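A short write-up of the structure that comes next.
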Amino acid sequence: MISAIVDGALGFAPLRDIVFLAGWPLEHRLTQAVRKLAERRPELFGRLGRFRTAVYILSPNELPFAFRLMPDATQATVRIVPAKSPGPSSVRISGPLATLIGLFDGSCDADSSFFSRAIVVEGATDAAMALHNTLEAAELKPSDILGLPSPLSGSFDALTGILLPRLAHVG
Amino acid sequence: MSVKQQKLELVCPAGSAAMMRAAVEAGADSVYCGLNDETNARNFPGLNLDAAELPDAVRWMHNRGARLMLAINTFARAGGVAAWQEAVDTAAKAGVDAIIAADIGVLAYARDTWPGLRLHLSVQAAAGTAQAIGFYVQTYGIKRVVLPRVLSVEEIAKLVRAVDVEVEAFVYGGLCVMAEGRCALSSYATPGSPNLSGVCSPPESVNYHQTGASVAARLGAFAIDRFEPGEAAGYPTLCKGRFVVDDKISHLFEDPVSLNAMDLLETFRKIGVAAVKIEGRQRGKAYVSRVADAFRQSIDAIEAGQSTAPFASLLDGLAEGQRETAGAYRKTWR
Amino acid sequence: MELALGPLLFNWSAERIEHFYAEIADESVFDRVYLGEVVCSKRMPFLEPALVRSADRLADAGKTVVWSTLALPATEREQKLTRELADFDGEIEINDMSAVYARSGRAFTVGPYLNVYNEAALAEMLSFGCVRLCPNIELSLDATAHLHRVSPTLPIELFAFGRLPLALSGRCYHARAEGLHKDACQFVCDKDPDGRTIATVEGADFLAMNGVQTMSHGLHVAAVQVSSLRAAGVTALRLSPHNVDMLAVAAAFSAFLSGRIEAHELLSGLSGIGLPGPLINGYLYGAPGHMAMPA
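From first to last, the protein sequence lines are chains G, F and S.
Heads up: the first sequence begins at 10 in our numbering, then just goes up one per residue.
Heads up: the second sequence begins at 46 in our numbering, then just goes up one per residue.
Heads up: the third sequence begins at 1290 in our numbering, then just goes up one per residue.
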């Protein structure tokens, strides 16, 4: 179902619109979203344990940029970085956008995706596993992140309100 | 002992309370989970329940008429036995329906401290003979044994007749080719010991190296496998890798397959197996939803005298290496 | 400190076995010798007469003979053999829980295949009749020392030389590697008197197969200061038979235990006798088993 939303959203919003979003306001918004989540659901970050200070690069195949996350609870940061030179990280997770999203909200089976090589994990496998397991246990909805009213209307809102925040909590 | 045929109990895995609920909503009768420490055999980062979550999880399950079992199935560390005893206390106080244990020290503590607590013998105890199972029944009063995955269906049928205890058999998921609880391959190559720390082929020892178009999967210092482009890749679990013997490269121990014994469910019921178990606490909600649903429908179909064939396709694409086997249940595996 | 010769884990011919134990009886410094098939019951019918004769010869030479049980009895025949051995009046070593039950309280040695990892499990074993412990190969020397502190009078025999028995399967890897089925294996494991080396896809020697058993490629050697061994409660060292001059191996350990040579001299001496793999000791230090920590 999530895949359908993403496919639909991408159908309405060409790639250039997403690229247009890259920049500090979005970074700021995503960073604040993760930090607010940490205030509301501290146990999630407890579950991450020592991987709270790991650096994750989440790189959707379709996009020229990637998300660089350090999920350190109220000190968390999300940066938007060029996919080709994302900087140092603990682990890089790449794959189709829809698969990445599904992976992290639990609607898609990580092992199957991995076994079929739909996603590629480079670097610290344990960090990737910890993040996946944490998000699996979290049962997050888009509104948990940004508190946006649902249902949302318009493709652009759908994209920013559902797709990117989901990537943010990937994130 | 006479064989009592009964409806198969569907036992599903959970790595979190969310996954536990997903399993029950998809049709699980029982769910097993572990605490987030070295006391359970799936001690992966971010996985398992916190002790504080357990009472709520038990309440949720009981409200749904489902059972929750806690796996305390590693072997206690010398000098650190208290942690395993605390896990037993946590389980008993939270009111879990059973604990699943393998260490005779842990079983003895549970028997002596919590006489009402139902004990299941973990697959990690590798009790695959009537004598071994009899020992645990007589000594610790175990009520159920989870069978090692190295037995054939014929052997299981004989065993069920020979022992006076419920028998639980794995029917789906990852497959250990070695006798469980008796395997030190992982700790030989890495700091992760399944018996002692609850991890096999631990993720912190895993590395993938892209060389040209192919990817090498390493566990510690050792290359466990190499994948060419387009080839289904597996997590480098030591016994599923490719190795070289006499200049020949092969999946020496086991092909990267996962167990699927859906076709054998009716046989299991007929020979008196009490419960069937799904492996995969680390695999998440999507996985458990699909597998629980497929096996729920199959078990119900068997009760209605119908075939399980229509439900086989519900599991497509879930298997490790995208392939399935009935494993040791069919003797040709050996 | 005693020296013990562990059970032969490989598929040697009956003639070879009888000759081997004759030498051990007549010329070796071993105090205890473990006999019996631990790995694969299919080998037994060929070997039993030779083992029985060897037992007599070893006993006549003043060695203590101990019979070891199978590590993974599965078939009815294997269970029957295990039950019969559990009923034996002499000394036995138990390698599977099923035999603990059948032994019904009489004395036995806990073998390295049993999962006795902690003091609570050991207390259980003592209550069942355990009079001697060969710790599981995964245990560090610190863990063994802890068991010793809790049960200070229990003799502890440390696995001190040989390829490590790492895993057992229902499946035979020798048969599989030769394209045969386990039930018609043609006893192909007899081609490899030390097991057959398994390498990684990058060409590094890694493990060794021995029928249904998987072993380390490296040879584990407990060349630890004798004082540390004593502090951990170790009263005997167990050497596992290999296709090398075991008399020389035993003599080297004997010299080490009596203080005539140092740990590094023991190691360099062993390196020169044509062992099938490198010397390792990681498990003793709580490290991965393949590692070689400095002595």
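C-beta: ideal position from N, C-alpha, C; glycine also.
Remember, predicted model here, so these are calculated numbers, not experimental data.
Check	Outcome
What is the rounded straight-line gap between the Cα of G:P105 and the Cα of F:P193?	39 Å
Taking only beta-carbon positions, decide if S:E1326 is within less than 8 Å of chain F.	no
Let me see if you follow: with CB-CB separation under 8 Å, is F:M307 close to chain G or not?	no
Spatial neighbours of G:G156 within its chain, please: CB distance less than 6 Å, with the 5 preceding and 5 following residues excluded, ordered by chain position.	With a pLDDT of only 37 at G:G156, under the threshold of 50, the placement of this residue in the model should not be trusted; the figure read from the coordinates follows. None.
According to DSSP, S:H1509 sits in a beta bridge with which residue or residues?	S:G1451, S:I1569
Here's a check: name, in chain order, each residue in its chain whose Cβ is nearer than 7 Å to the Cβ of F:G286, leaving out the five neighbours to either side.	I269, D270
Among F:V336, F:G226, F:A266, which one has its Cα closest to the Cα of F:V195?	F:G226
Quick one: does S:A1363 have its CB under 8 Å from some CB of chain F?	yes
Kindly provide the ranges of any alpha helix (DSSP H) runs that are 4 or more residues long and lie completely inside the region 49–84 of chain G, ordered along the chain.	51–57
Report buried or exposed for G:P158, applying the criterion of at least 16 other Cβ atoms within 10 angstroms of its Cβ.	Annotation note: pLDDT 34 at G:P158 (below 50); position unreliable, coordinate value reported separately. By the neighbour-count rule (16 or more Cβ atoms within 10 Å), G:P158 is not buried but exposed.
Report back the beta-carbon spacing between G:M138 and F:P281 to the nearest angstrom; my notes put them in contact at under 8 Å.	Rounded, the Cβ-Cβ distance is 13 Å, inconsistent with contact.
For S:V1510, tell me which candidate among S:V1328, S:E1382, S:A1576, S:I1569 has the shortest Cα-Cα distance.	S:I1569
Given that a residue counts as buried once 16 or more other Cβ atoms are within 10 Å of its Cβ, and exposed if not, what is S:D1483?	buried
Counting only runs of 4+ residues fully inside the region 140–204 of chain F, write out the alpha helix (DSSP H) ranges in chain order.	149–158, 175–185
Provide the residue span of the alpha helix (DSSP H) that contains S:F1309, from first to last.	1303–1316
If contacts are defined as beta-carbon pairs under 8 Å, then S:L1556 and S:L1447 qualify, I think. What distance do you get, rounded to the angstrom?	No, S:L1556 and S:L1447 are not in contact; Cβ-Cβ is about 16 Å, not under 8 Å.
Name, going along the chain, the residues of the region 145–178 of chain F whose beta-carbon falls closer than 9 Å to a beta-carbon of chain S.	A147, D148, I149, G150, V151, L152, A153, Y154, Q169, A170, A171, A172, G173, T174, A175, Q176, A177, I178
DSSP three-state call for F:D385: helix, strand or coil?	The first residue shown for chain F is 46 and the last is 379, placing residue 385 of chain F beyond what the model contains.
List the endpoints of the continuous beta strand (DSSP E) containing S:L1292.	1291–1294
Determine the DSSP secondary structure at F:Y374, reduced to helix, strand or coil.	helix
Is there at least one Cβ from chain F nearer than 8 Å to G:A47's Cβ?	no
Whose Cβ in chain S lies nearer than 8 Å to the Cβ of F:F288?	I1487, A1488, T1489, V1490, F1495, L1496
Can you tell me which of F:P301, F:Y181, F:D95 puts its alpha carbon nearest to the alpha carbon of F:A139?	F:D95
Could you tell me how far apart the beta carbons of F:V290 and F:L297 are, in whole angstroms, since I believe they sit closer than 8 Å?	6 Å
Just verifying my parser: in three-state terms, what is the DSSP assignment at S:V1538?	helix
What first and last residue would you give for the beta strand (DSSP E) that runs through F:H254?	251–256
At the 8 Å Cβ level, is S:E1373 part of the contact set with chain F, yes or no?	no
Would you kindly check if the distance between the Cβ of S:T1353 and the Cβ of S:N1384 is under 8 Å?	no
Going along chain F in order, which residues have a C-beta closer than 9 Å to the C-beta of G:F54?	Those do not exist, as G:F54 stays about 11 Å from chain F at its closest Cβ, beyond 9 Å.
Which residue's Cα is closest to the Cα of F:A59: F:I316, F:R328, F:G124, F:V182?	F:R328
Does any C-beta atom of chain F lie closer than 8 Å to the C-beta of S:S1393?	no
Between which two residues does the beta strand (DSSP E) holding F:M114 run?	112–117
In chain order, what residues of the same chain lie with their CB nearer than 8 Å to the CB of S:S1505, ignoring the 5 residues before and after it?	R1452, L1453, L1455, L1496, A1497, G1566, I1569, G1578, H1579
Assuming F:E299 and F:V222 make a contact with CB atoms under 8 Å, what is their CB distance in whole Å?	4 Å
Let me confirm a value: S:G1548 is counted as buried when at least 16 other C-beta atoms fall within 10 Å, else exposed. Which label applies?	exposed
What first and last residue would you give for the alpha helix (DSSP H) that runs through S:R1366?	1365–1375
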